[in-house]
Amino acid sequence: MLVPRPRRWALAAVAGAALLAVAACGSSGSGGGSKSNAQVVVWYTTFASDDVSPMIAAFNKQYPKIKVQPLRLSADQLPTRVITEQRGGKFNADVVSGESVYVSQLINAGALAPYNPPDEPPLPKGSTLPPGYHGVVYANTTVIAYNPKAVKAHHLQPPKTWQDLTKPAWKGKFSIDPGAVNFYQSMITIMGHTKALALMKGLGDNKPPFVESHTQALTQVQAGEPLATATAYGYKAASEEKKTPGQLAFVNANPLPTSLSLIDLGKNAPHPGPAKTFINWMESKQGQQQVVSITNHVSLRPDISNDPMVWNPSKWPPSWVGALSPTLYNQYVKEYTQALHVP
Amino acid sequence: MSITAGQRPRPRLATSLLTGSRRLEPRYLILAVAALAVLYLALVPVATMVVASLRSAFLSTGASHWTFSHYASTFTSAGFGQLVANSFGYAIATAAVSTCLGFGLAWLVSRTNTPAKTFARAAALVPLIIPGILNTVAWALLLAPRTGPLNQLLRAIGLPAFNVYSLPGMVFIQSMHVTPIAFLMGVAAFTSMDASLEEAALSSGASPWSAFRKVTLRLVRPAVLSAALLMFIQSISTFEVPQLIGVPGHTFVFVSKIYDALQLFPPDYGTVGVIGVFVLFIAACGLWAAQRLTRGRATQTVTGKGFRPSVTDLGRWRYAGLAVFGLFFLIAVVLPLAMLLWSALLPGYEPPSASALHDLTLGNFRHIWTTPSLVRSVRNSVITAVSAGVIVTALSAVVAYITVKSRIRGRALLDGLATTPIAVPSIVMGVGILYWYLVAPLPVHLYGTLVILILAFVTISLPYGMRYLAPGMAQIKDELEEAATASGASWLQAFRRVFLPLLMPSLLAAFLYTMIVAFREISAAIFLYTQGSVVLSVTVYDLWSNGDYPVVAALGVIMVLFLALVALLVQRMGARLGIGIR
Amino acid sequence: MIRLTGLTKRFPGRTVTANAVDGIDLEVPEGKLVTLLGPSGCGKTTTLRLVAGLERPDAGEVHFGDKCVCAPARGVFVGAHHRPIGIVFQSYAIWPHMTVLDNVMFPLRVGRSRISRKAARGRALTALEQVGLAEMAARPAPALSGGQQQRVALARALIREPEVLLLDEPLSNLDAGLRDYMRDEIRALQQRLRITTIFVTHDQDEALAISDQVVVMDQGKIVEKGLPQEIYAWPRQEFTARFLGVSNRIPGVVRSVSGDTAEVEVAQGTLRCRACDGLAAGDKVSAFMRPESFKLSRRRHSDSAWEGRVEFSIYHGDCWDYHVRVGEELLKVRSYQEKIGLSHGDLVHLMPDQESAIIMTAGSGSGPVRPEPDTPVTR
């Protein structure tokens, strides 16, 4: 039975109105396109999610007045998002940073604007990038990571090469990222197209569980399942190995597959001034120092020293991959996913 | 026959104004606005999807034309048959398992003397507040093939391990997630059934078993079918389980295919559109069939007077009934929550063990509290979910009024429109809304704001709001409103002072449920967030795919606590009004 | 005074013409109580709702006194909330979320002539006192019994001092004893207040007892109207006759007419009847006889008595109903002589009362007649 309560309606109405007001404020406050005096940079990035906030904090120590609004996206989500927005006529991103294989697709599509920071790390020999898009944030090495304890428990030898993972003993016991086209691209550079495709098919036929990211792959390996991952990044594997030495180890191959992470200005960036400031900082010595110390990534600046476990070109000479034409990109994606039996 | 036939003068506007013609009454204005809102909400994502499936190039600056080529290429592509088989296998099995389980539990609660009914009811409903993404994450950890504690237990007692990254694994997790909805529908069906119908069968010489089979089951069959259909549609259209469980284990379904096509570069809008239309078509056929099957029954309203569902005495078996609930509670609530709590209290993820006990810490919660982006996503989730709850409740109250109480032409169409979003996979909804607000020539840019998320949540939860409010509305006799009108109250006064208070139980229930739906929604949100408008469910997914399990778990604990708190508050409000939330 | 002219309302999409109203012309004089009587679905409630403004007619007009409140042809429609009416619904429609007092106060607190809460409270309490429910004022409305709810509904309908009171089967949900009591109460109240009232019912006893005028309706049309006693004694239409319990219909031919009496030849013998207008010798007619218009005996007292056999009997307490087969016809005969105690197959003699038969020319009373449950199908 209901007890009469005459003011209930009024209360409900007030509460509803208040809520909507809050929602409106919330959305206007977070709107990317606000033209207020506050300096804002919208940063689309593939930095690991727990590295994003410390990087911004480090930037803000030097530039406290510029507010960086990050949108973290996975490596394969990022280009799609930028392109979809721009085709819809929304230019939301000021700064885009991500893997060269994906970012070069954005460069090809004309979704990024050329910009030359005054002080940037040199491009490695053999890499080709169009002029105006030379901003390299870090180099990324792909490694095999495994859980030594678990590998031992399963009476297996730690994997030394990717070929090891194609053996029947490793069936279903290592993971792979079905979106890691840069890995495939690297292997093509190293061993040629035919052999690389055969290797990918060998890996795919071993029915590896799919992972969504390199970092997730490492977490799973640390927990002991699966035993190894074919697509880990060296920087993260090295820092995780330090944290849990018994549960993670990794192998740097020779030559070492290495790709570049680029930082570029978005086309029609809504805040070009602060965006350039942000890119300049990221490429500068201070910025690169932060990249190395916060994320353990590899800086290409000669005046910065990197983690020797990750980067030692004399011991593990890198095999560079850079930009990729749209045709080749589509072909590689198709070959790679088919080899892994992604429908 | 009519005295004015053939010589009817045109109504003069002046007279209309003076006498309050129907055009000017606030009632018609409100109804019209609500109807237009529903029309807009329901049609935008569907239409965008259809257009995307039929254009040679969508969202493109170059020339494009109308074509069926996407249909041809998608349906004939290699692996499409497997995709259809997987999707149907997954959705049908989930619908079967969750409907049987939900209705079985509902029968125990409403038609037997199973003890501790309050506990039983709560046991079946609590899973509602565990967001699907968390449920999935928790089960992925619990049932990890080698390291999952449950599989270790199975192995310890000599049983084979259960590989969760498989079709049965997907069915199991999704069933745990949707069973509460089937349970709710089952309780409604069983309690609205007149006991005398069964008693008539018994007194005709039928054994209790054959009375149950031939009368009870027959009577709930429409409810069973419509519940199963709903479970099917929910399963075929949501994102979490296919993406988190299906993809790692190589089981691809429609939703993962759509998600995949969107990650291609350039995105394959055509395939997305085609699969979206295909799923919509299947769901619409199902809805249409269910409506045909339940026709005539849907209009029956329970009189409430002298009404007493019969209770079957289970004898000693009633403790078995209680045990069933205990088991369900353990599996659907205790295990996943315990897993989340355990992971939330560890600095880095590791399977439960005694040795890890001394590592327990609140560090993850501190981390959340000190990370602005995480705090913002909590805030955004609260704002969007509560706003969506309020808007859906208000909107579906008005729409239900039109469809149930009025005789306005086109009300059946409006009802259909308000139900449409159920048939649109949330992931397609997200994409459709994204495309529309990117290209639509609107005066305000909604892209990148919370408003676009609220719009998506409102659209998605509108059918659920209707499901609560239409029956609630039907139970209020027309005469109660007419008595107010005849007492001199305007329509607004009557709606406010008579209708709304009587509707309060349904309103509260609708608010609670739609808010929960919005809070845990991810399938659409994943496409709509930008910097500053990240919501909790997306953050959870993002952190999960980055392997940051402890923070995922800590966020999950916060989500569940918040939802539990809201549910409790609404329940208390209902209790103060003397209403049991159904 | 209420005047309805050509009032028409259809419900498209519904089966046949249920509840429709098909060209009603009616005048309810000031201060009088008019009953709309008819079977369910005949349109009587729809007519009431049209008067109240709860439905919009397709055609026709409604006038309250001089004021036109509804004329779709001219675009005039005054909503229910602007009409000076009070209405009691069949279900009473007591708002379950309010107290008794709030229910009764409601009409004073909404609409155009709102009064202060205090004043409204005072008036509502007085009204409740008048219906004997003052001590129930603070109770939640659903806690009341059916009869009490009905009185609350009545108090609520009258609190605004409306010009028109509309009662939609207000007694049908009450127990038999309470029903008679409330019926008398309503009539007394209506006569005291001199309020123009429309009363809808399907119960002929109720209609006859309470009305100044009875309007018999069927299939959306008025069949006939008149004073209760006229309608009862000399219905002019077969439908009315049947509806008011005149269950025996005997076909015959007029033999002679003299003055206001006529002799009608029927299969069983001759009947002396009151003639109706334009009746001539040789006309084919139907004679309608009430069950109580026969004398029934075991022995043959007169040559003109009709011989028949008892098919079955029904006991009512104060009387018996015998269904007697006379030739081809099955006649219903009511006997107040308790001791006769006839049973199946007994031979009896029926003596029709003089001038008790109601004559209608065959083909008049044209409305198709639905057999009432207690009416044996003749012919």
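Residue numbers (numbering that gives the first Met the number 0), protein chains in the order written: chain Y, 0 to 342; chain B, 0 to 581; chain S, 0 to 378.
For each residue, glycine too, the CB sits at the ideal point set by N, CA and C.
Check whether the Cβ atoms of G125(Y) and W319(Y) sit closer than 9 Å, and answer yes or no.
Position 126 of the first sequence, counted from the start, is the residue given in the question as residue 125(Y). Position 320 of the first sequence, counted from the start, is the residue given in the question as residue 319(Y). Yes. Within cutoff.
With the cut-off set at 9 Å, would you say W280(Y) and Y62(Y) are in Cβ contact?
One-based indexing of the first sequence puts residue 280(Y) at position 281. One-based indexing of the first sequence puts residue 62(Y) at position 63. Yes, Cβ-Cβ distance for W280(Y) and Y62(Y) is below 9 Å.
Whole angstroms are fine: how far does the CA of L158(B) sit from the CA of T79(Y)?
Within the first sequence, residue 79(Y) is the residue found at index 80, counting from 1. Within the second sequence, residue 158(B) is the residue found at index 159, counting from 1. Near 45 Å, if we compare the C-alpha coordinates of L158(B) and T79(Y).
Is Q81(B) a contact residue of the ligand GDP, with contact defined as CB to any heavy atom under 8 Å?
This structure simply doesn't include the ligand GDP, nor any ligand for that matter.
Given a threshold of 16 other Cβ atoms within 10 Å of its Cβ, counted over all protein chains shown, does M359(S) qualify as buried or as exposed?
For the purposes of this step, residue 359(S) is taken as residue 360 along the third sequence, with counting starting at 1. Buried: at least 16 other Cβ atoms inside 10 Å.
Using three-state DSSP, classify I274(B) as helix, strand or coil.
Here residue 274(B) refers to the residue found at position 275 of the second sequence. Correct three-state label for I274(B): helix.
If you draw a straight line from the C-alpha of E264(S) to the C-alpha of E310(S), how long is it?
Translated into the one-based positions of the third sequence, residue 264(S) becomes position 265. Translated into the one-based positions of the third sequence, residue 310(S) becomes position 311. Their Cα atoms are separated by approximately 25 Å.
Could you say which of V163(S), E205(S) and R297(S) lies nearest to S342(S) if we only look at CA atoms?
For this step, residue 342(S) is matched to residue 343 along the third sequence. Out of V163(S), E205(S) and R297(S), R297(S) has the C-alpha closest to the C-alpha of S342(S).
Quick one: which unbroken beta strand (DSSP E) runs of 3-plus residues sit fully inside the region 163-217 of chain Y? Chain order, please.
Segments of the beta strand (DSSP E) lying fully in the region 163-217 of chain Y: there are none.
I'd like the span of the alpha helix (DSSP H) that includes P53(Y), first residue to last.
As a first step, residue 53(Y) is located in the first sequence; it is residue number 54 there, counting from the start. Run containing P53(Y): S48 to Q61, per the alpha helix (DSSP H) assignment.
Would you call the region 336-346 of chain B and the region 545-561 of chain B touching, i.e. three or more CB-CB distances under 8 Å?
Judged by Cβ distances under 8 Å, the region 336-346 of chain B makes contact with the region 545-561 of chain B, as three or more pairs qualify.
What number of angstroms, rounded off, separates the C-alpha of S109(B) from the C-alpha of K172(Y)?
As a working mapping, residue 109(B) is identified with position 110 in the second sequence. As a working mapping, residue 172(Y) is identified with position 173 in the first sequence. If you take the alpha carbons of S109(B) and K172(Y), they lie about 48 Å apart.
Thinking just about the alpha-carbon of each residue, which of L329(B), W543(B) and V389(B) is nearest to the one in R508(B)?
Here residue 508(B) refers to the residue found at position 509 when the second sequence is read from its first residue. Sequence check: residue 508(B) is Ala here, not Arg. Checked all of L329(B), W543(B) and V389(B); the closest Cα to A508(B) is V389(B).
Run through chain B and tell me which residues come within less than 7 Å of A222(Y), C-beta to C-beta.
Against the first sequence, residue 222(Y) aligns to sequence position 223. In chain order: T146, Y348, E349 and P350.
Could you give the first and the last residue of the continuous beta strand (DSSP E) run that contains S296(S)?
As a working mapping, residue 296(S) is identified with position 297 in the third sequence. Note, S296(S): beta strand (DSSP E), F293 to S296.
Determine the DSSP secondary structure at D217(S), reduced to helix, strand or coil.
On the third sequence, position 218 is the one that residue 217(S) refers to. Three-state DSSP puts D217(S) in a strand.
Just the C-alpha distance for I281(B) and K60(Y), rounded to the nearest angstrom, thanks.
Working through the second sequence from its first residue, we reach residue 281(B) at position 282. Working through the first sequence from its first residue, we reach residue 60(Y) at position 61. Going from the Cα of I281(B) to the Cα of K60(Y) covers about 56 Å.
Where does W490(B) land, buried or exposed, given buried means 16+ other C-beta within 10 angstroms?
If you number the second sequence from 1, residue 490(B) lands on position 491. It counts as buried.
Check each residue of the region 48-73 of chain S: if its Cβ is closer than 7 Å to any Cβ of chain B, include it; give the result in chain order.
Within the region 48-73 of chain S, the qualifying residues are A51, L53, D57, A58, G59, A72 and R73.
Indicate whether at least one CB of chain Y lies closer than 9 Å to the CB of F264(B).
As a position in the second sequence, residue 264(B) is number 265, starting the count at 1. By this cut-off, F264(B) is an interface position.
Out of L567(B), W341(B), Q233(B) and Y467(B), which has the shortest C-alpha to C-alpha gap to V427(B)?
Your numbering for residue 427(B) matches position 428 in the second sequence. Closest option to V427(B), Cα to Cα, is Q233(B).
Helix or strand or just coil, what does DSSP make of V77(S)?
As a position in the third sequence, residue 77(S) is number 78, starting the count at 1. Three-state DSSP puts V77(S) in coil, outside helix and strand.
Would L585(B) and G471(B) be called neighbours here (beta carbons separated by less than 9 Å)?
Only positions 0 to 581 of chain B appear in the structure, and residue 585(B) is not among them; the question remains open.
Leaving out five residues before and five after E205(S) in sequence, what residues of the same chain have Cβ atoms less than 7 Å from its Cβ?
Numbered from 1 along the third sequence, position 206 holds the residue referred to as residue 205(S). Counting only Cβ-Cβ distances below 7 Å, and skipping sequence neighbours, we find L170 and R182.
Can you pull the chain B neighbours of F105(S), defined as C-beta to C-beta under 8 Å?
Looking up residue 105(S) in the third sequence gives position 106. Chain B residues near F105(S): A483, S486, A488 and R496.
Along the chain, which unbroken stretches of the beta strand (DSSP E) at least 3 residues long are found entirely within the region 253-333 of chain S?
Complete beta strand (DSSP E) runs here, min 3: 260-265, 268-273, 283-288, 293-296, 305-314 and 319-325.
Considering only residues of the same chain and omitting the five flanking positions on each side of P569(B), which have a CB-CB separation below 6 Å?
Your numbering for residue 569(B) matches position 570 in the second sequence. Looking at the sequence itself, residue 569(B) is Val, so the reference to Pro does not match. Cβ neighbours of V569(B) beyond the five flanking positions: L507 and L511.
Quick one: any contact between the region 37-45 of chain S and the region 216-229 of chain S, if contact means 3 or more CB pairs under 8 Å?
A contact exists between the region 37-45 of chain S and the region 216-229 of chain S.
Sorted by chain position, which residues of the same chain lie with C-beta nearer than 6 Å to V533(B)'s C-beta, five sequence neighbours on each side aside?
Locating residue 533(B) in the second sequence gives position 534, where the first residue counts as 1. Excluding residues within five positions, the ones whose Cβ falls inside 6 Å are S376.
Should I82(Y) be flagged as near chain B, meaning a C-beta pair shorter than 9 Å?
As a position in the first sequence, residue 82(Y) is number 83, starting the count at 1. Yes, I82(Y) lies at the interface with chain B (some Cβ there is under 9 Å from its Cβ).
Just checking: is the beta-carbon of I221(S) within a distance shorter than 9 Å of some beta-carbon in chain B?
The residue you call residue 221(S) lines up with position 222 of the third sequence. So, not an interface residue.
In whole angstroms, what is the alpha-carbon distance linking L452(B) and L216(B)?
The count along the second sequence starts at 1 and reaches residue 452(B) at position 453. The count along the second sequence starts at 1 and reaches residue 216(B) at position 217. One C-alpha to the other measures close to 41 Å.
Within 10 Å of its beta-carbon, does L142(B) have 16 or more other beta-carbons around it, so buried, or fewer, so exposed?
Working through the second sequence from its first residue, we reach residue 142(B) at position 143. Under this definition L142(B) is a buried residue.
Would you mind listing the alpha helix (DSSP H) stretches within the region 138-170 of chain B that are 4+ residues and don't spill past its ends, in chain order?
Within the region 138-170 of chain B, the complete alpha helix (DSSP H) runs of at least 4 residues are 148-155.
Strictly under 9 Å for the Cβ-Cβ distance: is S543(B) near chain Y by that measure?
Within the second sequence, residue 543(B) is the residue found at index 544, counting from 1. For the sequence presented, residue 543(B) should be read as Trp rather than Ser. Yes, W543(B) counts as interfacial toward chain Y.
I'd like to know whether the C-beta of P462(B) is nearer than 9 Å to at least one C-beta of chain Y.
In the second sequence, residue 462(B) corresponds to position 463, counting from 1. Not an interface residue.
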